[in-house]
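See below for the structure under consideration.
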Amino acid sequence: MNRFGNLQELETMQRTLFTHSSLIQIMNADIRQNLRSKWFWTYSILFGGFVAVMFSTGITESQIIGFVGLSRLMVTFMQVSMVILPIYVLITTVRSVVGDRESNVMEYMLSLPVSFSGYFWGKFSAKFLVTYIPVFIALLGAAVYGNFTKLDVPWDLFALYSALLASMIFCFLGISMFISAVSHSQDLAISTAFILWLLLVAFLDLILMGLLLKLRLDAGTVIGLGMINPLQVFRTAVLVLFDPELTVMGAASYFILDTVSRGWFIIFAIAYPIILGALFGWFGNYFFKTRDII
Amino acid sequence: MTQQLNKTFVKIEKLSKSFKQQLVIDALSVDLMSDQRIALIGQNGAGKTTLIRCILGQYNFEGKLDVFGLNPRKDRREILQQIGFVPQTPPPIKLTVNELIHFFERITKTDAAAFKNISSKLGLEIDQNLHKPFYKLSGGMKQKLLISFALGRQVKILLLDEPSANLDPQAREILFALLKNYSKDTLMILSSHRMDEIKDLVNRVIEMDLGKIVLDKSLTNT
Numbered sequence: 001m002n003r004f005g006n007l008q009e010l011e012t013m014q015r016t017l018f019t020h021s022s023l024i025q026i027m028n029a030d031i032r033q034n035l036r037s038k039w040f041w042t043y044s045i046l047f048g049g050f051v052a053v054m055f056s057t058g059i060t061e062s063q064i065i066g067f068v069g070l071s072r073l074m075v076t077f078m079q080v081s082m083v084i085l086p087i088y089v090l091i092t093t094v095r096s097v098v099g100d101r102e103s104n105v106m107e108y109m110l111s112l113p114v115s116f117s118g119y120f121w122g123k124f125s126a127k128f129l130v131t132y133i134p135v136f137i138a139l140l141g142a143a144v145y146g147n148f149t150k151l152d153v154p155w156d157l158f159a160l161y162s163a164l165l166a167s168m169i170f171c172f173l174g175i176s177m178f179i180s181a182v183s184h185s186q187d188l189a190i191s192t193a194f195i196l197w198l199l200l201v202a203f204l205d206l207i208l209m210g211l212l213l214k215l216r217l218d219a220g221t222v223i224g225l226g227m228i229n230p231l232q233v234f235r236t237a238v239l240v241l242f243d244p245e246l247t248v249m250g251a252a253s254y255f256i257l258d259t260v261s262r263g264w265f266i267i268f269a270i271a272y273p274i275i276l277g278a279l280f281g282w283f284g285n286y287f288f289k290t291r292d293i294i
Numbered sequence: 001m002t003q004q005l006n007k008t009f010v011k012i013e014k015l016s017k018s019f020k021q022q023l024v025i026d027a028l029s030v031d032l033m034s035d036q037r038i039a040l041i042g043q044n045g046a047g048k049t050t051l052i053r054c055i056l057g058q059y060n061f062e063g064k065l066d067v068f069g070l071n072p073r074k075d076r077r078e079i080l081q082q083i084g085f086v087p088q089t090p091p092p093i094k095l096t097v098n099e100l101i102h103f104f105e106r107i108t109k110t111d112a113a114a115f116k117n118i119s120s121k122l123g124l125e126i127d128q129n130l131h132k133p134f135y136k137l138s139g140g141m142k143q144k145l146l147i148s149f150a151l152g153r154q155v156k157i158l159l160l161d162e163p164s165a166n167l168d169p170q171a172r173e174i175l176f177a178l179l180k181n182y183s184k185d186t187l188m189i190l191s192s193h194r195m196d197e198i199k200d201l202v203n204r205v206i207e208m209d210l211g212k213i214v215l216d217k218s219l220t221n222t
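The listed protein sequences derive, respectively, from chains E and V.
Position 200 of the first sequence, counted from 1, bears residue number 200 in the working numbering, the numbering being contiguous throughout.
Position 126 of the second sequence, counted from 1, bears residue number 126 in the working numbering, the numbering being contiguous throughout.
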């Protein structure tokens, strides 16, 4: 009985190791394929180029509502990231699963001894790395260049923004992989991702304020709606260390920070999108492995 | 003199599969044994590819389907480690030939030399195409490489879905010679529209129509 138990344990361990192994092989293969795609290089040049343009146009020497030097550059970088990154992550990754299904790549890859979860999370991990690393390098490049040109580097801000970027990318990647796993066609997946993004953007301030005024919702409900929107959370967290007058934050951020302390909000702003992304990823994987894969 | 014991590699009992209420496989029952070379024939839509995908664990289904006594959905790793598959249409994989070979080496734990040996016999010199992305190879080259990946491994089941569709006559002949000399203990399932081409290779013919087996006949010419 004991020997049988040990055998089962060994088998479970082997199975776990194998899942990890197929995850790593799929991740490795997916990264290589992404490095060969045009979108990856366009995306990398876009963010790297944006930082270079900001330096060359002297943005570090300008001052707006207290932001100066590299802080000013980083805040601008994050504001641009908030606009571009979610839709970029959604559109470029939402075809991952459904695209492989339509092109018969999945039929072939999953005829190999690759676990369903290894395949799904391998692709997830690869997409995370290829979307996060270029923006992180752009941000790091700005800090290193700033240090080299004798600017004060706000390392605390750098750390916060690196974490916020990772958290937001993880969140939208989870949503994107979920949409990809449950969609029947690439067109449907892209349309769904686009509509979701529009909805999240609209709920930043516009619809929230409309609900507050027209439907006379109480502030708590409006804050709640704001807090579940990962874009709103990101937007508020980007400016949370600054702007004590809350003049550039928008109405929803004002309400949120009036209710929650800044320290707690930063923790929430990093943890919540990761949890949301992991949850969507988990459901995506569940649908993927329990349904027909082709 | 050794005595071979025929084993049931695939056991199917009342297997049914529907897509949006359209029945594609209809209560199909059949046993597929270790030493059999089966021609799976039938018109388009007969259910051949669906049956192959059920064996590969890619579809949910009703009824019972065991491969080596295991469940193809739950025990994928153990089963697929022993199955070589050639699809009807080569997938547009963006990896280079070299990257794909290394991927296969690691996933299937097979030495690259085994793949290169088969591809060379089929007339594809891998070393001259190492840095080309797989999807940019010609249809015939892709097919030869996929056949090399399936035959290069020592597997217990070979599932070949129209394997000669993109091959030139010479490569086709070599493929059939390779299949003929492949381990006798391997269950081989060849899905094809050209029965005349594979009749010398197989010892059992299963014809499907509308998701049912309409002909199951043993041949004695091999």
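Think of the CB as a built atom: it goes at the ideal place given N, C-alpha and C, for glycine as much as any other residue.
These numbers come from a predicted model, not from an experiment.
Contact with chain V is absent for Asp187(E), since none of that chain's Cβ atoms lies less than 7 Å from the residue's Cβ. Counting of Cβ neighbours within 10 angstroms places Ile195(E) among the exposed residues, the total staying below 16. Around Ala29(E), the beta-carbon contacts reaching into chain V at under 8 Å are Leu95, Glu99 and Phe103. If you draw a straight line from the Cα of Ala163(E) to the Cα of Ile137(E), it comes to about 13 Å. Residue nearest to Trp155(E) within the set Gly118(E), Asn285(E), Gln186(E) and Ala142(E) is Ala142(E) (criterion: CA-CA distance). CA-CA distance, Gln43(V) to Met195(V), rounds to 12 Å. In the structure shown, Val260(E) falls within a coil segment according to DSSP collapsed to helix, strand and coil. Beta-bridge partners assigned by DSSP to Phe19(V): Gln22(V). The continuous stretches of beta strand (DSSP E) do not include Ala52(E), which lies in the alpha helix (DSSP H) extending over residues Lys38 to Ser56.
Contact of Arg172(V) with chain E is not assigned, every C-beta pair being separated by 7 Å or more. A Cβ-Cβ distance of about 4 Å is found for the pair Ala193(E) and Leu90(E), placing them in contact under the 8 Å criterion. Annotated three-state conformation of Pro90(V) is coil, per DSSP.
Contacts with chain E at 7 Å (Cβ-Cβ) include Asn60(V).
Proximity of Gln81(V) to chain E, defined by a Cβ-Cβ separation below 7 Å, is satisfied. Annotation: the stretch 46–83 of chain V contains the following complete segments of the beta strand (DSSP E) (minimum length 3 residues), in chain order: 62–67. Taken through DSSP and simplified to helix, strand or coil, Asp31(V) comes out as strand. Of all residues in the stretch 103–115 of chain E, those with a C-beta nearer than 9 Å to a C-beta of chain V are Ser103, Asn104, Val105, Met106, Glu107, Tyr108, Met109, Leu110, Ser111, Leu112, Pro113, Val114 and Ser115, reading in chain order. Contact annotation: the stretch 79–89 of chain V does not touch the stretch 31–47 of chain V, with fewer than three C-beta pairs closer than 8 Å. Under a 10 Å Cβ-count criterion, Glu62(V) is classified as exposed, with fewer than 16 other Cβ atoms of the shown protein chains found around its own Cβ.
Looking at the backbone, the Cα of Pro87(V) and that of Thr92(E) are separated by about 27 Å. Closer than 7 Å to the CB of Gln232(E) there is not a single CB belonging to chain V.
Contact of Thr89(V) with chain E by beta-carbon distance below 7 Å involves Asn104. Straight through space, the alpha carbons of Val205(V) and Thr131(E) are spaced by roughly 51 Å. Chain-order list of chain V residues neighbouring Gln33(E): Lys94 and Leu95, by C-beta distance under 7 Å.
Proximity of Phe134(V) to chain E, defined by a Cβ-Cβ separation below 7 Å, is not satisfied. Within the model, the alpha-carbon separation for Leu165(E) versus Val135(E) is close to 8 Å.
The beta-carbon distance between Phe170(E) and Pro273(E), rounded to whole angstroms, is 6 Å. This is short enough to meet the 8 Å contact definition.
Separation of Lys14(V) and Val67(V) (C-alpha to C-alpha, rounded to the nearest whole angstrom) is 15 Å. Straight across, the Cα-Cα distance linking Gln36(V) with Ser29(V) is about 16 Å. Against chain V, a Cβ distance below 8 Å from Arg36(E) picks out Lys94 and Pro133. The shortest CA-to-CA distance from Phe176(V) to any of Asp185(V), Leu151(V) and Val155(V) is the one to Leu151(V). Straight across, the Cα-Cα distance linking Val51(E) with Leu139(E) is about 8 Å. Excluding residues up to 5 positions away in sequence, Lys123, Lys127, Met177 and Ser180 lie with their Cβ nearer than 7 Å to the Cβ of Ser96(E) in the same chain. Residues of the same chain with a CB within less than 7 Å of the CB of Phe115(V), apart from the 5 flanking positions on each side, are Ile101, Phe104, Ser148, Phe149 and Gly152 in chain order. Taking 3 residues as the minimum length, the beta strand (DSSP E) runs contained wholly in the stretch 122–188 of chain V are 157–161, in order along the chain. Taking one beta carbon from each stretch, the stretch 106–122 of chain E and the stretch 18–34 of chain E have 3 or more pairs nearer than 8 Å; the two touch.
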